[in-house]
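Following our numbering, the numbering of the sequence shown begins with 1310 at its first residue and continues without gaps. Note sheet for the following structure.
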Amino acid sequence: MRQYRIQGGQRLLGEVKIGGAKNAVLPILAAVCLNQGETIITNCPRISDTFDSIEILKSIGFRVAFTENTLKITAGDGIKHEIPDEYAIKMRSSILFLGALLATTGRASLALPGGCKLGDRAINLHIEGLQAMGAEIIQQNDKLYCKTDGLKGTKIALDFPSVGATENLMIAAVNARGETTIKNAAREPEVQDLARFLKALGAKIQGAGTKTIKILGQNATTTKVTHKIIPDRIVAGTYLVAAAMTKGEITLQNVDPFDLTPVTSYLKEMGCTLHANPSTVTITAPTLLKPIPFLATKVHPGFPTDMQAQFAAALTIADGNSQLTESVFNCRTSHVKELRKMGAKITLTADKCTFLIEGRPKLNPATLAAHDLRCGAALILAALATPGESLVQNANYVQRGYESIESDLTQLGATITLEKI
Ligand code: EPU
């Protein structure tokens, strides 16, 4: 058990480099199963979800070496089709091995995926899409058993542009016979990064980043591939909000300012000044943040759900009332009760999807508990902005997605330590 100890109230100032994106590397680590050669992944974040994905790869027969931020993965003799339960239930992204293993071995079995508890998190779109491609899937005692005598390309229209389902079907389609069309596909930058990786393997993919993706199957080859993971736009967004909440001025290096627009546009609305160069973004915060009358999470290119908790924290100290709606997940609210421990005025509507936030000049320091990854990030930001000492327990959630948030924030002048309890 670990916790963050934070002495809040200091302005964040300076520069920090942003690492590779969690939500880009996780699907790519599943897609690695398609390559019988050597895969080198650079700019790979050293976060716990990466380490758990590596354990999955090793358990099914890959050799993996992880040096600094470079991963070298080599296929062994024969890939196993069973994912050990302990890793499947830890992470949502373990479900992406379903498409990858079906495409490679014709079989896959894994426990129903875990991950942060943000609401229902159904997997029907993954299952229905793979079934439409010719997979037989049986669910027994919280476990999925899947097989196919060869996946076939087909047309799949997703009811919702699920990031994970789009990625699973893209990976599966690489080895399928004929063309697969995914309509109402997710357009997130991480989906586009997966497409770039699959293309490097030789896959023929068109339309990633648009609502229709086409994959012409059976074109990938066994090869040596090197791929650089895109910058993590959510880590970057988290640090921008940290600067906004501490009246700071920071520059982020190694970011894609275009991918950050759905976040930076709302920071501007809150009164922050932002300057972008090709790979850097600088934020200068005002002395008092403005509220946002209406803000709702949406799929990309809308305001990202993975920034909702951090903005909720920022709006609690804005100069007026805000309304924030979560529309991607049906219960992403665990930060609310923790922020209330600091004196935040947040009312949840009956459906628990809209937060009515009454901004106040400052919060009180408190002992807080992270209940999921972004909840933990939001609590750290609230503590940074609050004079006095706060604790954020359950650091393991934060370590799922931030390589070393305490070092990055220390570099920016914060007083934060990670300690064992
Ligand atoms: N959904 C279904 N059926 C499905 C799949 C999804 O109804 O078969 C619903 C979910 O219940 C949810 C919504 O669709 O309400 C969005 O789910 P999606 O599948 O798009 O999300 P995901 O693939 O499970 C990824 C990220 C999340 C991020 C979401 C949305 C990874 C590993 N995870 O999850 O990241 O919030 O997309 O952008 O890529 C995080 O980083 O903190 C995080 C939770």
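Where is the CB? At the ideal position from N, CA and C, for every residue including glycine. Computed from a prediction, not measured in an experiment: that's the story for all the values here.
CB of Ile-1392 to nearest heavy atom of the ligand EPU: below 7 angstroms? Ile-1392: no, Cβ never under 7 angstroms from the ligand EPU.
Can you check whether the CB of Glu-1499 is closer than 8 angstroms to the CB of Ala-1330? Contact: yes.
What do you get for Met-1479, buried or exposed, if any count of 16 or more other CB atoms within 10 angstroms of its CB means buried? Buried, since its Cβ has 16 or more Cβ neighbours within 10 Å.
Chain-order list of residues whose beta-carbon lies under 7 angstroms from that of Ile-1404 (same chain, five-residue window excluded): Scanning its chain for C-beta atoms nearer than 7 angstroms, with the 5 sequence neighbours on each side dropped, one finds around Ile-1404 the residues Pro-1422, Ile-1432, His-1435, Gly-1473 and Asn-1477, in chain order.
Boundaries of the beta strand (DSSP E) in which His-1609 is found, first to last residue: DSSP places His-1609 in no beta strand (DSSP E); its state is neither H nor E.
Distance cut-off 7 angstroms: Thr-1614 Cβ against heavy atoms of the ligand EPU: Yes, Cβ of Thr-1614 sits closer than 7 angstroms to a heavy atom of the ligand EPU.
When you compare each of Gly-1697, Tyr-1711 and Ser-1716 to Gln-1316 by their alpha carbons, which one comes out closest? Selected option, being the one with the closest Cα: Gly-1697.
Pop quiz: Thr-1531 and Gly-1346 are said to be a contact at Cβ under 8 angstroms. What is the actual Cβ separation, rounded to whole angstroms? With 8 angstroms as the limit, Thr-1531 and Gly-1346 qualify as a contact, their Cβ atoms being about 5 angstroms apart.
Pop quiz: Pro-1600 and Asn-1630 are said to be a contact at Cβ under 8 angstroms. What is the actual Cβ separation, rounded to whole angstroms? Between Asn-1630 and Pro-1600 the Cβ distance is about 6 angstroms, and since that is below 8 angstroms, they are a contact.
How many angstroms separate the CA atom of Lys-1381 from the CA atom of Lys-1523? C-alpha separation (whole angstroms): 29 angstroms.
Just to confirm, are Arg-1401 and Leu-1410 a CB contact at a threshold of 8 angstroms? In this structure, Leu-1410 does not lie closer than 8 angstroms to Arg-1401 by Cβ.
So what's Phe-1620 in DSSP terms, helix, strand or just coil? Helix at Phe-1620.
What are the start and end residues of the beta strand (DSSP E) that includes Arg-1542? Premise fails: Arg-1542 lies in the alpha helix (DSSP H), 1542-1554, not in any beta strand (DSSP E).
Check this for me: beta carbons of Leu-1407 and Leu-1366, under 8 angstroms apart or not? Not closer than 8 angstroms, so no.
Buried or exposed: where does Ile-1814 fall if 16 or more other Cβ atoms within 10 Å of its Cβ makes it buried? Nothing can be reported for residue 1814: it is not among the residues displayed for the chain, which extend from 1310 to 1730.
List the residues that DSSP assigns as beta-bridge partners of Ala-1396. According to the sequence as given, residue 1396 is Tyr; it is not Ala. Looking at the DSSP assignment, Tyr-1396 forms no beta bridge with any residue, so it has no partner.
Among all the DSSP beta bridges, which residues are the ones paired with Lys-1513? Residue pairing for Lys-1513: DSSP places it in a beta bridge opposite Leu-1525.
Where does Val-1643 fall in DSSP's three states? Note that residue 1643 is Ser in the sequence shown here, rather than Val. In the structure shown, the three-state DSSP call for Ser-1643 is helix.
For Lys-1556, which of Phe-1603, Lys-1461, Gly-1370 and Ile-1626 has the nearest alpha-carbon? The residue among Phe-1603, Lys-1461, Gly-1370 and Ile-1626 with its C-alpha nearest the C-alpha of Lys-1556 is Ile-1626.
As a quick exercise: from Asn-1493, Ala-1482, Glu-1497 and Ala-1495, pick the residue whose alpha carbon is nearest that of Leu-1507. Of the candidates Asn-1493, Ala-1482, Glu-1497 and Ala-1495, the one whose C-alpha sits nearest the C-alpha of Leu-1507 is Ala-1482.
Rounded to the nearest angstrom, what separates Thr-1724 and Gln-1449 at their Cα positions? A straight line joining the alpha-carbon of Thr-1724 with that of Gln-1449 spans about 49 angstroms.
With which residues is Gly-1697 paired in a DSSP beta bridge? Gly-1697 pairs with Gly-1317.
Since Ser-1357 contacts Glu-1391 with CB under 8 angstroms, what's their CB separation in whole angstroms? That pair is no contact at about 22 angstroms.
Measure the alpha-carbon distance for Thr-1589 versus Ala-1333 and round it to whole angstroms. Cα to Cα, Thr-1589 sits roughly 20 angstroms from Ala-1333.
What span of residues does the beta strand (DSSP E) with Phe-1371 cover, start to end? Segment 1371-1376, the beta strand (DSSP E) holding Phe-1371.
Round the Cβ separation of Arg-1486 and Gln-1515 to the nearest angstrom and send it over; I've been treating them as touching at under 8 angstroms. The pair is not a contact, with the Cβ atoms about 18 angstroms apart (cut-off 8 angstroms).
Any idea what DSSP makes of Tyr-1711, helix, strand or coil? It is coil, neither helix nor strand.
Runs of alpha helix (DSSP H) wholly within the stretch 1400-1439 (minimum 4 residues, chain order): With a minimum length of 4 residues, the continuous alpha helix (DSSP H) runs that stay inside the stretch 1400-1439 are 1405-1414.
Own chain residues within Cβ distance below 7 angstroms of Ala-1441, not counting five before or after: By the criterion of a C-beta distance shorter than 7 angstroms, Ala-1441 is surrounded in its chain by Thr-1463 and Ile-1465, once the five residues flanking it on both sides are discounted.
Determine the burial state of Glu-1647: buried for a count of at least 16 other Cβ atoms within 10 Å of its Cβ, exposed for fewer. Around the beta carbon of Glu-1647, 16 or more other beta carbons lie within 10 angstroms, which makes this residue buried.
Just the Cα atoms here: how many angstroms apart are Thr-1663 and Thr-1634? Computed Cα separation, rounded: 4 angstroms.
What alpha helix (DSSP H) runs, 4 residues minimum, are completely inside the stretch 1654-1707? Runs of alpha helix (DSSP H) with 4 or more residues, each lying fully within the stretch 1654-1707, are found at 1682-1693 and 1704-1707, listed in chain order.
Could you work out which residue in Leu-1700, His-1536 and Thr-1560 is closest to Thr-1547 when comparing CA atoms only? Thr-1547 has its Cα closest to that of Thr-1560, out of Leu-1700, His-1536 and Thr-1560.
Among Pro-1610, Leu-1718 and Gly-1685, whose alpha-carbon lies nearest the alpha-carbon of Ala-1704? Of the listed residues, the one whose Cα sits closest to Ala-1704 is Gly-1685.
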